Amino acid sequence: SNPIKSAVEKVVDTVAHHGHPEKAEIPGVPNSEPPSLEEPVEPREPLAPKPDQTGPDTFSPTGQPTGASQDAMAQGGAFLTSAQGVRLPDTDHSLKAGPRGPVLLQDFHLREKIMHFDHERIPERVVHARGSAAHGVFRSYGTAANITKAAFLAEGVETPVFVRFSTVLGSRGSADTVRDTRGFATKFYTTEGVYDLVGNNIPVFFIQDGIKFPDVIHAGKPHPDREIPQAQSAHDTFWDFVSLHTEATHHTMWNMSDRGIPRSFRMMEGFGVHTFRLVNAEGATTLVKFHWKPKLGVHSLTWEEAQLINGVDPDYHRRDLADAIEAGAYPQWELGVQTFPDTPDQMFEGIDLLDPTKIVPEELAPVQPIGLMELNRNPSNFFAETEQVAFHAGHLVPGIDVTDDPLLAARLFSYLDTQLTRLGGPNFPQIPINRPHAPVNDMLRDGFHQDAVHRGVAPYRPNSLDGGCPFQAGAAEGGYVEVPVEVAGRKVREAPASYADHFSQPRLFWRSMSPVEKEHIIDAYTFELGKCYEQAVKERQLRVLANIDPVLCREVAQGLGLPAPEPTEPPAELAPSPALSQVGREWPTDGRIIGIVADESCDLGVVGAVRTAVLAAGMVPLIIAPKGGMLGTMPVQRTFLTARSVEFDALLLAGAPAPGKDAFGARDAKAGNLLPDGAVDPRVVLMVMEVYRHAKAIGGWGTAARVLTAAGVSEQAPGVIVGEDGEQVLRETIGLLAAHRVWERFPPAA
Ligand code: HDD
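Using full-length UniProt numbering, read the sequence shown as starting at 4 and increasing by one per residue.
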């Protein structure tokens, strides 16, 4: 299935106009009244939300479906009112004693408007502040029904979900494509209550015990004196901590790999990280690790692209997710589990399942698919939904239980606690996005922002005055009954011996990478340590690298201009895990962005046919021309001024049929004045140079070859396709895109 195909025209429009589509242009999409030039004056009801957007499903604070219509949720009526519903005649002028006189204290509208504005901000999340989210649905295959009694994992069950993706370190307004771990948090609104799977795009964590969480975050966040740098780990405090605290080595290795700079949220894996304990209807238990596998494959940016995007479009990932959903290209992930017998030692093939710095290679325990998630609706209000959603690792449903992973234990405390400060009190589960889709009958009462109007007189147990209600539910009535695991031990502040191995899995990861991925890792460490000022920090981290691999250590040391130290603790040799590499497979190209440089001098018939063929292949063509407006019947979506190579997964150069004037010359009045006739516009040259350097496919026809020459790119270079037939050039370009990049263009690793 190729969901994008049904909405191909919408996608062009969406991406082209950065979310302000001119719907009138698109067949099949109702013209939702493009804004008029003059300010409308005829009173009318609020406009309906855009077709791709919805709010949270409408449930009461106590989990009852309310049936209220989506668009009736927040605003109603044609006229401006106060918060008390009083209609207002003027919101542009304060009430004054004469036009030039003093403002009057009795102006209740002024007072209310400014009071509310003064309090619009809430504290951002202490970690994962920067994020974006979407609604969707999870459809269970039923393949896990033999190992868990969770109702939402029974065969064929559909469960609404809300998913928030995030970076960890940056503030709410920080850029999207920084090198960092990504959060991948899913809220399942199941019939048995809310279940949250609060994961990351990296399967291991920095620390083995949650008591260290403030330490790792303090080290990663900006320096407390100057509050720089923002949203990145390339600074002294981070490397000071991780070089001293070597259990962070495995996670840091993933961060320095391409996994730290995803191409899109839609192209990331997700991991539950910890081992969880599933329990079935008979009470039998199985240990599992959760995995989300993206249908589009796992793909990354190059570091230079990521850095450029941070300036050119800091909202790149947020825009990508919303645009894809608006266009109907609904991203999908398969949920899978690795399963392990629940043995008393909770080890598998020598790997401690309670140690969150260890993976179990997929070759040892394959990921078994248990359901499919599709994200298909954008939120209608960022604050109400994406900002106010509250995830908690302890939001569990019957059939899913925790293990004694000491990292998980601290999380089970932290997530509830943080919402008190962030969302202003204990009633955050009543915020619409957080409301369960199951009846709520707790005995929690009152508190700030209490939205529920509880009845009865006896919120206590036992009672007779409310007829004994609420009653306790045993396992037979769907109650959450913890697995009665035996617990014994001395009270100690110690880690088990198995937690002491910090290097063998980073080495496993390193050895599983292709040469180009290794090169990227070397570059990332060299960059990050190169941004450190303290010599001791760099030297200490080189000692860590020496314990992972001598080549890695040598190459980074060389880049830093420092001697490479000898290993102190040679790691165990584990077999590589080919599943960890992102290179060497082919993936669907749905939703990829193809830039087409063209103008009136081209054969517009060919350009139109290529554009249609891109759409038919489920991808997005963006026409790039010297100036805005229309190119024949096609809208120009980028100009030489607004386009930058990093937006495109591949670039097509539509040359003129014969030498002379073509699309690549400087037509922009200002640039044109500076360029001799026949020169290639430097912005087009830059685009080609960057696309080439970032190992993306380039195609061209007609006079396109002269642009390649101007950019110093050989027509014979890998991934460069020059031909006479535009559509044939496109077909070959798409073939290259399936591998994500023209990997041969990167020099082989040392
Ligand atoms: Fe956490 C947020 C994921 C360890 C404490 N965490 C947060 C979010 C994600 C994760 C995805 C953002 C949720 C959202 O979108 O609202 N955290 C993880 C993973 C971890 C992890 C995968 C390790 C396996 N976290 C972790 C520890 C602690 C926390 C050990 C504390 C001891 N995390 C928090 C928090 C946050 C949070 C402070 C900040 C905002 C929030 O919870 O709601 O409680």
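Every residue gets a Cβ at the ideal spot worked out from N, C-alpha and C, and that includes glycine.
Remember, it's a predicted structure, so these values are computed and weren't measured experimentally.
Residue i, DSSP secondary structure in three states
{"i": "residue 190", "result": "strand"}
{"i": "residue 434", "result": "coil"}
{"i": "residue 637", "result": "strand"}
{"i": "residue 590", "result": "coil"}
{"i": "residue 355", "result": "strand"}
{"i": "residue 161", "result": "strand"}
{"i": "residue 24", "result": "Because residue 24 carries a pLDDT of 36, less than 50, the predicted location of this residue cannot be relied on, and the following value inherits that uncertainty. If DSSP states are grouped into helix, strand and coil, residue 24 belongs with coil."}
{"i": "residue 1", "result": "In the structure displayed, the chain extends from 4 to 753; residue 1 sits before or after that span and is not available."}
{"i": "residue 744", "result": "coil"}
{"i": "residue 536", "result": "coil"}
{"i": "residue 749", "result": "coil"}
{"i": "residue 256", "result": "helix"}
{"i": "residue 138", "result": "strand"}
{"i": "residue 124", "result": "coil"}
{"i": "residue 515", "result": "helix"}
{"i": "residue 521", "result": "helix"}
{"i": "residue 143", "result": "strand"}
{"i": "residue 494", "result": "coil"}
{"i": "residue 310", "result": "helix"}
{"i": "residue 681", "result": "coil"}
{"i": "residue 712", "result": "helix"}
{"i": "residue 598", "result": "strand"}
{"i": "residue 90", "result": "strand"}
{"i": "residue 350", "result": "strand"}
{"i": "residue 217", "result": "helix"}
{"i": "residue 386", "result": "helix"}
{"i": "residue 372", "result": "strand"}
C-alpha gap between residue i and residue j, whole angstroms
{"i": "residue 471", "j": "residue 394", "result": "32 Å"}
{"i": "residue 78", "j": "residue 711", "result": "55 Å"}
{"i": "residue 662", "j": "residue 521", "result": "44 Å"}
{"i": "residue 271", "j": "residue 120", "result": "37 Å"}
{"i": "residue 622", "j": "residue 597", "result": "7 Å"}
{"i": "residue 645", "j": "residue 625", "result": "12 Å"}
{"i": "residue 317", "j": "residue 745", "result": "25 Å"}
{"i": "residue 361", "j": "residue 428", "result": "36 Å"}
{"i": "residue 567", "j": "residue 181", "result": "28 Å"}
{"i": "residue 715", "j": "residue 245", "result": "42 Å"}
{"i": "residue 732", "j": "residue 724", "result": "6 Å"}
{"i": "residue 376", "j": "residue 184", "result": "21 Å"}
{"i": "residue 169", "j": "residue 348", "result": "34 Å"}
{"i": "residue 639", "j": "residue 247", "result": "54 Å"}
{"i": "residue 274", "j": "residue 177", "result": "24 Å"}
{"i": "residue 607", "j": "residue 684", "result": "20 Å"}
{"i": "residue 474", "j": "residue 353", "result": "45 Å"}
Which residues DSSP lists as bridging residue i, in chain order
{"i": "residue 185", "result": "170"}
{"i": "residue 703", "result": "656, 725"}
{"i": "residue 335", "result": "377"}
{"i": "residue 295", "result": "273, 338"}
{"i": "residue 203", "result": "186, 274"}
{"i": "residue 281", "result": "289, 403"}
{"i": "residue 737", "result": "Answer is none; residue 737 lacks a bridge partner."}
{"i": "residue 68", "result": "62"}
{"i": "residue 628", "result": "642"}
{"i": "residue 303", "result": "265"}
{"i": "residue 198", "result": "191"}
{"i": "residue 571", "result": "Answer by DSSP bridge pairing: none, since residue 571 is not bridged."}
Residue i Cβ short of 7 Å to the ligand ATP heavy atom set
{"i": "residue 204", "result": "As presented, the structure is devoid of the ligand ATP, carrying the ligand HDD as its sole ligands."}
Interface flag, residue i vs chain C, CB-CB below 8 Å
{"i": "residue 168", "result": "No chain C is present in this structure, which holds just one protein chain."}
- Three CB pairs or more closer than 8 Å across the region 145-161 and the region 186-203: yes
- Flag this pair as touching only if the region 654-662 and the region 703-720 have three or more C-beta atom pairs under 8 Å; answer yes or no. yes
- Message: For the structure I just gave you, are there three or more beta carbon pairs, one from the region 342-352 and one from the region 295-302, closer than 8 Å?
- Response: no
- Counting pairs of Cβ atoms below 8 Å between the region 619-630 and the region 565-574, do you hit three or more? Fewer than three pairs of CB atoms, one per stretch, sit closer than 8 Å, so the region 619-630 makes no contact with the region 565-574.
- Given 8 Å, three or more beta-carbon pairs between the region 364-382 and the region 410-423: no
- Message: Whether or not the region 519-537 and the region 227-241 are in contact is what I'm after, with contact meaning three or more pairs of Cβ atoms, one per stretch, closer than 8 Å; do they touch?
- Response: yes
- Check whether the region 314-331 touches the region 536-550, counting contact only when three or more Cβ pairs, one atom from each stretch, lie closer than 8 Å. no
- Segment contact, 8 Å Cβ cut-off, at least three pairs: the region 57-71 with the region 431-444: Counting Cβ pairs under 8 Å, three or more are found: they touch.
- With contact counted as at least three CB pairs below 8 Å, one residue from each stretch, are the region 204-220 and the region 453-472 in contact? A contact between stretches requires three or more CB pairs, one per stretch, nearer than 8 Å, and the region 204-220 fails this requirement with the region 453-472.
- Message: Does the structure place the region 383-392 close enough to the region 273-283 that three or more beta carbon pairs sit under 8 Å?
- Response: No: the two stretches stay apart, fewer than three of their Cβ pairs being nearer than 8 Å.
- Message: Under 8 Å, with one C-beta from each stretch per pair, do the region 250-263 and the region 499-510 reach the 3-pair mark?
- Response: yes
- Item | Sufficient close CB pairs (3 or more, under 8 Å) joining the region 77-94 to the region 445-459 | no
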